[in-house]
Amino acid sequence: MKVLSQLLFRAKSRGFIEGFKVGSSSGVGRDLLHLLFADDTLLFSKANSDFLRYLNWVFLWFEAISGLKVNRDKSEVILVGRVDSLENIISVMGCRVGKLPTSFLGLPLDAPFNSSRVWDVVEERFIKHLSLWKRQYLSKWGGLP
Numbered sequence: 001m002k003v004l005s006q007l008l009f010r011a012k013s014r015g016f017i018e019g020f021k022v023g024s025s026s027g028v029g030r031d032l033l034h035l036l037f038a039d040d041t042l043l044f045s046k047a048n049s050d051f052l053r054y055l056n057w058v059f060l061w062f063e064a065i066s067g068l069k070v071n072r073d074k075s076e077v078i079l080v081g082r083v084d085s086l087e088n089i090i091s092v093m094g095c096r097v098g099k100l101p102t103s104f105l106g107l108p109l110d111a112p113f114n115s116s117r118v119w120d121v122v123e124e125r126f127i128k129h130l131s132l133w134k135r136q137y138l139s140k141w142g143g144l145p
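Be aware that the sequence shown starts at 1, since it is given in this note's numbering, and climbs by one per residue.
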């Protein structure tokens, strides 16, 4: 995934693609282009056909260099705000259009992190895994097998 990250940064530094600024409203902040975790990736870009075409070129270079393939069947474009050319974006990206709320790594993306809804999901998953571990590693009498 380091290859993809480097290709994205190179395309951004040359002005081919653009992320968005996060931080304060005074303009001081950071540009956010992508988030990577294992084999999951979130990309942030303006809904501009040229940017999306260049993003596709980055994917092609990534596939050629790494030997890995971007799975368009599992990929989604999630649009935020007003978008004029939805059909054009779908045809350029070649994947389905998702919508908010959605989740990434099992956490909802639309909720603030102090929301109990976010942590309810985490707690449920933890309890489920804990009960599996107990059954697998502890005997009926409470000790290790």
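Note that the Cβ used here is the ideal one computed from N, Cα and C, for glycine as well.
Can you give the Cα-Cα distance for phenylalanine 62 and arginine 135, rounded to whole angstroms?
-> Numbered from 1 along the sequence shown, position 62 holds the residue referred to as residue 62. Numbered from 1 along the sequence shown, position 135 holds the residue referred to as residue 135. Taking the straight line from one Cα to the other gives about 43 Å.
Where phenylalanine 51 falls: helix, strand or coil (DSSP) | Here residue 51 refers to the residue found at position 51 when the sequence shown is read from its first residue. The answer is helix: DSSP assigns phenylalanine 51 an H, G or I state.
Option in Lys128, Leu36, Asp50 with minimal Cα separation from isoleucine 17 | Residue 17 sits at position 17 when you count from the first residue of the sequence shown. The candidate whose alpha carbon is nearest that of isoleucine 17 is Asp50.
Could you tell me the distance, in whole angstroms, from the CA atom of valine 58 to the CA atom of glutamate 76?
-> Position 58 of the sequence shown holds residue 58. Position 76 of the sequence shown holds residue 76. Going by the C-alpha atoms only, they are around 17 Å apart.
Starting from glutamate 87, trace the alpha helix (DSSP H) both ways and give me its first and last residue.
-> Your numbering for residue 87 matches position 87 in the sequence shown. Here the alpha helix (DSSP H) through glutamate 87 covers 86-93.
Check the DSSP bridge columns for histidine 129 and list the partner residues they point to.
-> Numbered from its first residue, the sequence shown carries residue 129 at position 129. Its beta-bridge partners do not exist; DSSP assigns none.
With a cut-off of 8 Å on the beta carbons, I'd call aspartate 40 and leucine 86 a contact; round off their distance for me.
-> Reading the sequence shown from its first residue, position 40 is the one you call residue 40. Reading the sequence shown from its first residue, position 86 is the one you call residue 86. No, aspartate 40 and leucine 86 are not in contact; Cβ-Cβ is about 24 Å, not under 8 Å.
Use the C-beta contact count for leucine 68: other C-beta atoms within 10 angstroms, 16 or more gives buried, fewer gives exposed.
-> Here residue 68 corresponds to residue number 68 of the sequence shown, with the count starting at 1. By the 10 Å Cβ count, leucine 68 comes out exposed.
Report the three-state DSSP secondary structure of phenylalanine 44 (helix, strand or coil).
-> Within the sequence shown, the letter at position 44 stands for residue 44. Looking at phenylalanine 44 - three-state DSSP - the assignment turns out to be coil, as it is neither helix nor strand.
Span separating the alpha-carbon of arginine 14 from that of serine 45 = Position 14 of the sequence shown, counted from the start, is the residue given in the question as residue 14. Position 45 of the sequence shown, counted from the start, is the residue given in the question as residue 45. Whole-angstrom Cα-Cα distance: 15 Å.
With 16 other CB atoms within 10 Å as the buried threshold, where does histidine 64 fall?
-> Translated into positions along the sequence shown, residue 64 becomes position 64. The sequence given here has alanine at residue 64, not histidine. It is exposed - the Cβ of alanine 64 has fewer than 16 other Cβ atoms within 10 Å.
Helix, strand or coil for phenylalanine 37 per DSSP?
-> Along the sequence shown, one-based indexing puts residue 37 at 37. The answer is strand: DSSP assigns phenylalanine 37 an E or B state.
Which of the three DSSP states, helix, strand or coil, is assigned to aspartate 31?
-> The sequence position of residue 31 within the sequence shown is 31, counting from 1. DSSP places aspartate 31 in strand when its eight states are reduced to three.
Determine the contact status of isoleucine 52 and valine 80, defining contact as a CB-CB distance below 8 Å.
-> If you number the sequence shown from 1, residue 52 lands on position 52. If you number the sequence shown from 1, residue 80 lands on position 80. Position check: residue 52 holds leucine in this sequence, whereas isoleucine was assumed. No; because the gap between Cβ atoms is not below 8 Å, this pair is not in contact.
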